[in-house]
Each structure stands twice: as structure tokens, then as C-alpha cells.
Amino acid sequence: MTDVMPDPLTLAILLPLFGAIAAFLLPRAAPAIGLGAVVATAAAIAVLGHLVVQAGTIFVPLGGWGAPLGIELRADGLALAMLGLTALIALGVGLGALAAFAGETEVGGQPMARQRAFFWPLCLLLLTGMNGVYLSNDLFNLYVMLEVISLAAVGLAVLGGTVAALRAGLAYMYASLLGALMMLLGVGFVYLQTGRLDLAGLAGAPDSAALSAAFGLMLVGLALKTALFPLHFWLPEAHANATAPASALLSALVVKAGLYILLRLAEAGPFPGEAILTLMGVLGTGAVLWGGVQALRAERLKLLVAWSTVAQMGLIFVALARAGLEGLSDSWRAAALLILAHAVAKAGMFLAAGRIKDVIGHDRISELDRSAVRPALAQLAFALAAISLIGLPPSLGFIGKWSLMEGAMMAGNWHWVAVTMAGTLLSVAYFTRALTGFLRFDRVRAPLDEHRGWALADAPPVVLAGLAVGLGLAAGPILAVLDLGTPFGAIP
Amino acid sequence: MIDMPLLPLIILMTSLGAAPVLLALPERSARLRTGLNLAVAAVKVALVIWLAWKAAHGVVYDLRLSVLPGLDLHLQADPLALMFVALSAVLWLVTTIYSVGYLERGPHRARFFGFFSLCVAATVGIAMAGNLFTFLLFYELLTLATYPLVIHRGTAAALRAGRIYLIYTLVGGLALLLGTLALWGLAGTTDFVPGGVMAEVAAERPAAAQALFVLLIAALGVKAALVPLHGWLPIAMVAPAPVSALLHAVAVVKAGAFGIIRVVYEVFGIELAQGLGVTGPLIAVAAVTIIYGSLRALAQDDIKVRLAYSTVSQVSYITLGVALAGPVAAIGALAHLIHQGVMKITMFMAAGNLAEGLGVKKVSQMDGVGRAMPGTMAAFSLAALAMIGLPPFAGFVSKWYLAQGGIAAGQDWVIALLLGSSLLNAAYFLPLLHRAWFRDATPEAANAPARRKISLWLAAPPMVTAGFVLVIGVLANAPFSPLEWTRFIVTREFNGGL
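Chains L and H, in that order, are what the protein sequence lines are.
full-length UniProt numbering numbers the first residue of the first sequence as 1 and each following residue consecutively.
full-length UniProt numbering numbers the first residue of the second sequence as 1 and each following residue consecutively.
Next up, the structure:
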């Protein structure tokens, strides 16, 4: 690599950023620019993957200034897996958006041309922020990237332009700003205490009350951003009322940024202690149960899917907490697997739910079976995604749950096993509500014309949902990638 | 002949690969669907014969795909697997033919045959699973694939049955997941090994081993319909006749029974299980189930519900034979796995024909149906007599070995149990035969117009399987009979203990 040619880490952040600017300036060409930028970013990530496989962890000082003063990017296996997954989801959702925003008008919403024009800059800005979070190696950079994500996410949430979406988007924005503020305060305290912001510097920092307070602030801020129960209040409405491709990005990617930062903080710092881990597990349990119950009561399909995100995020916190005394060194793999599994499956599921809504004309669960048109492929995608989210074998979700329960059992923490079981049963119950509706088309009076429900637009959700199930068979290689550069140290 | 190490995977893929194609076929492409169904089913039978031939000549099939460190998806073709695969392949072909006739011009055929195919793929996977982890995967797939079949009619009763079925089987599936995890944690492997993998664990922590045994058997007992976990089976009878036939003969109930065989013989090992003192309670549960199922069957007027309770009772013969822990009883148990399947599928298809052809769904409506549908009722009668245990039919052979096994195990009361059960079998089946052959049809039934002409697609399959019932009973000692095959398996499981 020459000095003129930027490294793939920088490219993974800059390519989507330039794409976002170009797409904003040239709205007519936005879809082409957007897809091109996503593909180019994926290519940069592929090159990066090659390097990480060879070298383990890669550090790149920006502008020639290394840590602790300058900004430094870092890529290891965990970052690589997240980058690859994010590019994949952006590509899938982008292709889905091409179909979703085709046509001219939408009843009660913004004209399609406007959605088409604004979706791509926001999507690429989100990709910039996500990739930035994955590659950042210092607290301030993480904070900035988190803000970039929030900006894009709020824009995506209100893209549909309906009153409900705007109202939910406003709540989302307040929650997001508050979370960011707490994060910034925490970052500031850390700087005052230690005089440096790079993650490696945290490891050697002496324990103090002020530092604990700083971490506490950051933790609460991140919990708010990841919608950890009981700070989830903004999520269901925001995710359910956005247009389907936006919902897919919000649910699959945005909430994962906070979790990823949490993982990185835990990797670097002395924190979190056992008490905090247990608290995360308890709150996660609350999310699993409350999210499950609310999903059971939801009347609309997209709201059900959104509540299932609350429950699934709770499960990931349980996965973080499951190992007890061993701390995160043991349990992060289960959490990472669940993060990957949820991202792929939920992207596919929201796209599928959007397709079903478009084809049938509504998404009221009680009337899903009363349509003259049958969106068969979208239903298939929804079912496949549900298999992974429930955690049935051989899906990636199953592998994640297996790792979670295995570790909990080995540590003797049977209560976390019980929580996982309860969450699984709840998810079966609420997804069955939708799936039974798909199977029941006997109450239709009009003759059934099942083929009108098929379109090329069904391909992205089917592929994403299929991957969510099929990637379970590739769990071995995925774990091998996660362990590149040994984040969290070697396998115990 | 060329060697095909992937043969087990190919056999699995025949029906697994056919499922999405069948689901995607347009509703009106009936001929294409029928052709594809029959072709795949026939190819599968041929492949299974090939596999059995190769395996009998010493070829070892062993396919592994590592999923997590130390944890593989593992397909193999040991004799026990071959037995179950052969049963499912043959009966699938027969049931497919029957289903084509049964669903002629009915709604949702694409969906039906798609999930039907998936269901059989799951059964094949269960049979060839080389460890409990792989078994679990296909066990869950079976639950998912059968649910749409159970609620196929879409009526309120069907949906209710589906919900109950799903609750039972998914809770059972979760228990199996927990058991698999616990086995993995305790023994460090989930492999099926003749003689078991739990010896060390049992020596160190007998209480944990006992708890694991109870958990696994309870998880599998849901599908095997062990009392008190049998509640879903009679309710699931709202499913179409071919689904009931498949559920009772090879798919769901047998998956549970087959799992119990694997767990007792190849996770714990029969001697260890005896040493842990867990076989005694299992014998008791099986005995209670045998008697309870028969007693409940007596009181049912609905033919299919009566058959369902009969299944509850008959499938527990398998559990009984396994738990008796002797080689002779084991032969009876394994032979009954096949025999019960062939007998029960005959009866369900015949019952389906009665309902379709004459509208007869209740025992009280059966007067004179023998004259109206002689072929179907002959098949039904033959299977019923075999089920009662009349020599020389298939059911007699299994009961004979179970009784011998009981004596060999020093449990002479098993003979009384089997006699009592046979009497009860007779008490709930003979009245049907009596009504069908020796009573005249009621006037209104005789004058009622035929509801539907029973085509050869519907009439032939029960007669063919009735022929199997006769042949595997009469020729039980011939080479390649199911009984001979089970002797071979048992020799292996008991390390030449015969």
C-alpha cells in the first residue's frame, strides 16, 4: 500500500460519508450513488478483512498522530464481523428500499420521490457512523460517531412523514440527545481524571470514585440508546411507525452501536463490576418479559416486531451478564453472536413486514388472513426470521442462545437459563400470532390470487432471513473471525 | 459400485430439497406436483435400499459439520438409523400416493405437500442423527413442519388443536434443549455411542445423571405420548387423514419413541440406566400408559380419536421393551416400532376412506360398512387383528418378544400386562369389525348417496400396507425381515449379549 492510497479503515468511514454528501446533492441519482457507495464500502471491508486475517489487530493513526494524543483507528475480528454484517444489511435493506420507494405517492405520507431522495443520504450517514463506531479506538471519537448515528437515525425514523412517525421521532430524538449528553459527560469526566481518551489508556487508569461515576454516566447513556428496559419507552413507536427499510436499519443496526461500545468499554476498562453485570442481567430480564408481553398484546405486525426488538436486546444484556464471576471475558462471544443474529434476522423481518403491509394494504394482525392477495415470499421471509429470533436450530439465533445457556449453566447460573427459556416461549407465542394468520387464508371471500403477491422486492427479505437461519451452520468460521486479534484476550 | 460418502446427506436432501420447490409450485400445477412428489418418494426408497445394501457390506457413513468447538452436526447410518429411515421412506411413498388422492381438488395443496416433505426430511434427520445435538435440530424442525399440517383445515377446532400441539411440543423441545445442554456440560459430548457416554458422570454424580435421564425422557415423552404428556395426541386428530396416518406411524410419535431408544441405549447405556435405578420408573410409566390409553380408547365413539388413544397405548410397548433392559425385550421394542407403524398407518388410511367415501366418522355409524367398502374394511380388519396380537400377524410377533423379554428380565407380570392390553385391544377393535361385517346398514345410511367415489389412489395404499402387516408377520424369520434386522441391532447394542 502506498502513502497516497488511503487504508481500508479510513475508506470504510469516508466512502459512505462522501456517498451521503453526493446523494444529498444529486437527489435524482441518489439510489445509484447509494448502492455504489455501499458496494464500494463493502469492497474496502473485504480488503480490510484480508489484512485482519493476516495480522490480527490493525492500528491506523489518522494524520500521522498516534495514541494517546491523536485519533487512532483500530480493526480486529469483532470489528470486522460487525463491519461485514453492517455492509451486508445496508446492501439488503438498500435493495429493499429501491422497491419500497418505487412509485409516486403514498397515502397519508410524503411523496415517494422525497423519501427516495432522503433515504439514501441518511442511510449512508448511518453507515458512516456505524463503521466509525466499530473502528474507533478512543472515547471522543466513539461519542462523535454515536451522534452521527443519532442524527441519521432520527431522520430515518421520521422519513415516512406521518403524524405518528413525527411524534415518535420527536420522543426518539429527546431520548437520543439525553443519552448522548450523558455519554459526553462521562467522556469528559474520564478525560479530567486520566488526561487521555484512548481506550487502551483506560486499562491502566487507577480506580477512583470519579472514574466509576463517569462510567456510570456512560452506561446509563448507552442503556438509553440501546433501549434497555426500562429506558426502552421510545423504541416501539419509533421503530413501528417508520417506513419499513428505515425500521429495518433502526432495529438491526442503530441499537447495536450502543451495545458495541459497551463491549469495547468492558474490554478496555476495569469496569463493569459484578454488581453492574447483575443489574444489566436483571434489567435484561425485565426487557425479555415486558417486551414479550407487549409483543403478545400488539395489534399491528410492525409494532409486534418492534417490541420483539426490546425483548431481544434484553436477552443480549442477559448474555453479557450470564457468566457471573468470570465477567465479560467469557460471555462476550455469546453476546456478539446474538448481536449478529438479531441484526440479520430483524433486518429481514422488518423488510418482510413492510412487504406484507404493502401487499395486503394494512398490518393489523387480527386481519392478516383476510386478504385476497397472498404475499407468500414475504411470509416465508418473516417465518425464517422468526425461526432465528426464537432461537430454533440450526439458525444463528440458536447458536447464540446455545452459547448463552451453555456458559450460564457451566457457571451454575441456572436463573439465566430459565430467563432464556421463558423468553423463548414468549417469542414463540407472539410470533405464532402472526404466523398462524399467514397460514389461514380460508376466510377470504374473494378468489385467491397468490401470485400477485410476488415481486423482486421479496428477494432482500428472503435472502436476509435465509442467512439468519443458514449462518448458524457457519458458526464455527464466524467465531474464528470474532477471535481474530483476540479481543477480550485468548479463549479461556 | 461407486462409493458415495455423502449418501446419507443426499437421502436427507431428497425431501428437504423438494420441500421449497413444492411450496413454490402454483396451486394449479397438480400434475407436476404429483409427479415430483412420487418421483422424489420413489428415488428416496431406492437410495435407502442402496444405503442399506452398502451399510450391510460394511461401508461406514459418517458425515460431520462442526458448528461450535467440539459440537458437530453429525449424520451417520448405523443399523438403528437404517431401520427408521427405511420405515419412513416406504411409508412416505405410500402416504404420498394416498394424499394425492385425498386432497384431489382440495385447497392449499402446495402448502400441504411442501410441509409434508419437510416433515419427512425431519424424520430422516432424526433417524440418522449421530448425536443428541443433531437429533434436537431435526426434532424441532419436525415440530415446525407438522404444525401447518395439523391446522391444515383452518377451522377453529384445527387452530385450537394446533395451538395445543405447539404448546406441548415446543415445551418438550425446550426441555430437550436443556437436556442436550446439560448432557454437553456433564459428559462433554452429545454423541450417540453404543453403551453410552455417561459412565464417568454417573460414577461421580449419580443424582445429576438421574435428573438428566428424567429430563430427557420427559422431553421425548411429550412426542412419544407417555401419560401424562399425551394430551395433544387425541386433539390433533382434527388433521386430515394422511397427516394423522403419518403422525402416528412414523413422524411425531415415533420420533419420540426413537429418541427414547437412543437416549436409553446410546446416551446412558442400558446397564448404566439399570444401575441408576431409572428403568423401573420408566417401566411403570409405560405400563400405566399402555393400560390408560386402552381404557380411554374403549370409551371413544369417534373412530380417529379411538385410534389415537390406541396409539398412546401401543407406542408405549416400545418404551416398555426398552426399559425392560434385556435383549429379547429390546427386539420386541424395535420390531414394534416398525410393526405398529405399518399397522396404524393402515387403520388411519382406512378410516380416512370411510370418512371420505361414506361420511362415516363414528363407531356408531359403522353398521354394514364392510359391504359398502370391502377392500378398505378388509385392510382395516387385518390391521386391527394384528394390533390385538393375533398370530401370525405383525403385532403378535412384537408382543411375543416383549413377553419373552419380560420373563427373561424376571418381570413375569409383564405377561399379565400384555394379556390385559390385548384383551382391551380386542374390546375396542372387535366391536368395529362386528358392526362393519355382521350388521346391516341402517336404512338412512343405505339410502344415502355416496359422498365421493374412492379412487384407486385412496383404495390401494391401505391394502398395500395391510399386505405388509401380513408379510412381516408371517415371514418374521426370513432374512431381511424387520425382526431379523432388529436382532442384528440388538446384538450390537448389547455387545453380543444374545
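Built from N, CA and C at the ideal position, the CB exists for glycine as well.
Tell whether a beta-carbon distance below 7 Å holds between residue i and residue j.
i                 : j                 : result
Val85 of chain H  : Val48 of chain H  : yes
Tyr134 of chain L : Met82 of chain L  : yes
Leu124 of chain L : Ala37 of chain L  : yes
Ala227 of chain L : Leu235 of chain L : yes
Phe461 of chain H : Ile235 of chain H : It is worth fixing the name first, because residue 461 of chain H is Pro in this sequence and not Phe. No, Cβ-Cβ distance for Pro461 of chain H and Ile235 of chain H is not below 7 Å.
Met368 of chain H : Asp440 of chain H : Per the sequence presented here, residue 368 of chain H reads as Gly, with Met not at that position. A contact, by the Cβ cut-off of 7 Å.
Ile360 of chain L : Ala378 of chain L : no
Phe488 of chain L : Trp332 of chain L : yes
Pro5 of chain H   : Ala77 of chain H  : no
Gly129 of chain L : Met145 of chain L : yes
Met377 of chain H : Ala436 of chain H : yes
Glu140 of chain H : Leu439 of chain L : no
Gly77 of chain L  : Asp483 of chain L : yes
Leu142 of chain H : Ala121 of chain H : no
Met409 of chain L : Thr420 of chain L : no
Ala257 of chain H : Ala224 of chain H : yes
Which chain L residues are close to residue i, counting only those with a beta carbon under 8 Å from its beta carbon?
i                 : result
Gly185 of chain H : Glu406, Met409 and Met410
Leu174 of chain H : Met421, Thr424 and Leu425
Going by DSSP, what residue range makes up the alpha helix (DSSP H) through residue i?
i                      : result
Glu147 of chain L      : Leu139 to Ala157
residue 512 of chain H : A query on residue 512 of chain H cannot be resolved here, the shown segment of chain H reaching from 1 to 498 and no further.
Gln411 of chain H      : Note, Gln411 of chain H: premise wrong, no alpha helix (DSSP H); not H, not E.
Ser294 of chain H      : Thr279 to Leu298
Leu6 of chain H        : Element bounds for Leu6 of chain H: n/a, residue is neither H nor E.
Leu380 of chain L      : Ala376 to Ile390
Ile21 of chain L       : Pro8 to Leu25
Quick one: Cα of residue i to Cα of residue j, how far?
i                 : j                 : result
Ile10 of chain H  : Leu464 of chain L : 26 Å
Leu486 of chain H : Ile283 of chain H : The sequence shown places Thr at residue 486 of chain H, rather than the Leu named in the question. C-alpha separation (whole angstroms): 21 Å.
His232 of chain L : Met280 of chain L : 14 Å
Ala334 of chain L : Gly96 of chain L  : 29 Å
Val100 of chain H : Ile454 of chain H : 12 Å
Ala465 of chain H : Phe429 of chain H : Looking at the sequence provided, one finds Thr at residue 465 of chain H rather than Ala. When rounded, the distance between both Cα atoms is 18 Å.
Arg105 of chain H : Phe113 of chain H : 13 Å
Phe215 of chain L : Ala223 of chain L : 12 Å
Ala446 of chain L : Phe431 of chain L : Note that Ala446 of chain L has pLDDT 49, beneath the 50 cutoff, so the model's placement of it is unreliable and no number is given.
Ala52 of chain H  : Ala352 of chain L : 43 Å
Leu337 of chain L : Pro242 of chain H : 41 Å
Met349 of chain L : Ala434 of chain L : 12 Å
Pro391 of chain H : Leu470 of chain H : 10 Å
Thr279 of chain H : Ser313 of chain H : 19 Å
Gly19 of chain L  : Lys302 of chain L : 30 Å
Pro281 of chain H : Trp413 of chain H : 15 Å
Glu267 of chain L : Val90 of chain H  : 56 Å
Closer than 7 Å, CB to CB, is residue i near chain L or not?
i                      : result
Ser66 of chain H       : yes
residue 516 of chain H : Given a span of 1 to 498 for chain H in the structure shown, any question on residue 516 of chain H remains unanswerable.
Leu170 of chain H      : yes
Leu181 of chain H      : yes
Pro148 of chain H      : yes
Leu32 of chain H       : no
Leu63 of chain H       : no
Start and end of the beta strand (DSSP E) containing residue i?
i                : result
Ala75 of chain L : Glu72 to Ala75
Val74 of chain H : It should be pointed out that residue 74 of chain H corresponds to His in this sequence rather than to Val. That run of the beta strand (DSSP E) goes Leu71 to Gln76.
Taking only beta-carbon atoms, is residue i less than 7 Å away from chain H?
i                 : result
Val158 of chain L : no
Leu439 of chain L : yes
Leu392 of chain L : yes
Ala446 of chain L : Low confidence applies here, because Ala446 of chain L scores a pLDDT of 49, under 50, leaving its location unreliable; read the following figure in that light. No, Ala446 of chain L does not count as interfacial toward chain H.
Val428 of chain L : yes
Could you list which residues in chain H have their beta carbon closer than 7 Å to that of residue i, in chain order?
i                 : result
Ala475 of chain L : Val67 and Leu68
Thr432 of chain L : Leu166
Can you name the residues of chain H whose CB is closer than 9 Å to the CB of residue i?
i                 : result
Ile365 of chain L : In chain order: nothing, as chain H lies at least about 14 Å away.
Ile399 of chain L : Val67 and Leu68
Could you work out which residues of chain L lie near residue i, taking near to mean beta carbons separated by less than 7 Å?
i                 : result
Leu6 of chain H   : Under the 7 Å cutoff, chain L gives no residues; its nearest Cβ is about 16 Å from Leu6 of chain H.
Leu136 of chain H : Pro393
Hey, is residue i close to the ligand FMN, as in C-beta under 6 Å from one of its heavy atoms?
i                 : result
Leu419 of chain H : In the structure shown, the ligand FMN is absent, as is every other ligand, since no ligand is present at all.
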